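Chemist: Sharing a structure with you now.
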Amino acid sequence: GGGMGIALAPDGTRVYVGVHVPSGNGTLETIDTATREVTGTAPVGRRPFDVDVSRDGREVYAIGHDSFDVTVVPTEGQGAPRRVEAAPYGTEGGLGSWLKPHYAVVRPSDGRLLLPFEGERLLVVDPATGRSAVEAMTANTHQHGAAITPDGTLLVVGTGPIDPAADEGPSLTVRAPDGAETVIPLDGPHEDVAVSPDGRTAYVTGGFTRDGHWDGITVVDLETHETRRLAAGERPLGIAVL
Numbered sequence: 302g303g304g305m306g307i308a309l310a311p312d313g314t315r316v317y318v319g320v321h322v323p324s325g326n327g328t329l330e331t332i333d334t335a336t337r338e339v340t341g342t343a344p345v346g347r348r349p350f351d352v353d354v355s356r357d358g359r360e361v362y363a364i365g366h367d368s369f370d371v372t373v374v375p376t377e378g379q380g381a382p383r384r385v386e387a388a389p390y391g392t393e394g395g396l397g398s399w400l401k402p403h404y405a406v407v408r409p410s411d412g413r414l415l416l417p418f419e420g421e422r423l424l425v426v427d428p429a430t431g432r433s434a435v436e437a438m439t440a441n442t443h444q445h446g447a448a449i450t451p452d453g454t455l456l457v458v459g460t461g462p463i464d465p466a467a468d469e470g471p472s473l474t475v476r477a478p479d480g481a482e483t484v485i486p487l488d489g490p491h492e493d494v495a496v497s498p499d500g501r502t503a504y505v506t507g508g509f510t511r512d513g514h515w516d517g518i519t520v521v522d523l524e525t526h527e528t529r530r531l532a533a534g535e536r537p538l539g540i541a542v543l
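Here this note's numbering is used: the first residue of the sequence shown is 302, the next is one more, and so on.
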């Protein structure tokens, strides 16, 4: 058990933390950044891997890894949480399935949630209606961390193959707003990604543990696709640009 996904409100006054409860569904805790006290909790899906906030701060989205869902949590008491299924492959296999949601981003242009799956499918969820659509992806690798730039360019970390005989290795997918993709190979497993404010550089953490880990980050030049490694503590997982 413990904290997993985390996100900051647009005005900086609250932090939202997805808390994994091993015995069942998780909770979303709201923390006041001035007092550092928990001011509210809400029920969410099982193992809330990632947490995101709408651009206007009115909704929080908890990604339920083991329940194949997104929980939409209104802020400021504006209604009850509601569940949206996030399972473009279905839910067969349950807890043992690899085909689960991991990280999501909020698309700047329309507020829809983008959830990558396996370098094959991008689930586009409208949190207002609960409806979703699927778009094709090209990396063909198990995917985790995601980030998005102000112009809508999506970056997704490929951690490596589930089936080495059929899947591709670790990579960083750069997906333009029109859906065109560039797949940049990475050396070894990675977990999460952040992008510089100017959109030219990506920082990808090496602290992934399913296929091993390494103690650093990879810096990716998004124009030339050149990469270089930097030491960064022990098993770095999440990352943010300040």
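Heads up, the beta-carbon is just placed ideally off N, CA and C, and yes, glycines get one too.
From a predicted model like this one, the values you see are computed outputs, not experimental measurements.
For SER368, does the count of other Cβ atoms within 10 angstroms reach 16, so buried, or fall short, so exposed?
Modeler: When all chains shown are included, SER368 counts as buried.
Chemist: In terms of residues, what are the limits of the beta strand (DSSP E) holding GLY459?
Modeler: Start and end: 455 to 461.
Chemist: Along the chain, which unbroken stretches of the beta strand (DSSP E) at least 3 residues long are found entirely within the stretch 459 to 517?
Modeler: Qualifying beta strand (DSSP E) stretches, in chain order: 472 to 476, 482 to 486, 494 to 496, 502 to 506.
Chemist: If we call anything under 8 Å between Cβ atoms a contact, is GLU535 one with ASP516?
Modeler: Yes, the pair counts as a contact, with Cβ atoms nearer than the cut-off.
Chemist: Rounded to whole angstroms, what's the CA-CA distance from ASP499 to LEU455? Just pull it up for me.
Modeler: Computed Cα separation, rounded: 14 Å.
Chemist: Rounding to the nearest angstrom, what Cα-Cα distance links ARG529 and ASP488 in this structure?
Modeler: Whole-angstrom Cα-Cα distance: 10 Å.
Chemist: Can you have a look at GLN379 and say buried or exposed, based on whether 16 or more other CB atoms are within 10 angstroms of its CB?
Modeler: Classification for GLN379: exposed.
Chemist: In whole angstroms, what separates the C-alpha of ASP357 from that of PRO311?
Modeler: Their backbone Cα atoms lie some 7 Å apart in a straight line.
Chemist: For THR314 and GLY508, what's the separation of their Cα atoms in angstroms?
Modeler: Taking the straight line from one Cα to the other gives about 29 Å.
Chemist: Whole angstroms is fine: what's the gap from LEU309's alpha carbon to VAL407's?
Modeler: Approximately 13 Å, taken between the alpha carbons.
Chemist: Going straight from the alpha carbon of ARG432 to that of VAL345, what length do you get?
Modeler: Answer to the nearest angstrom: the Cα atoms are 19 Å apart.
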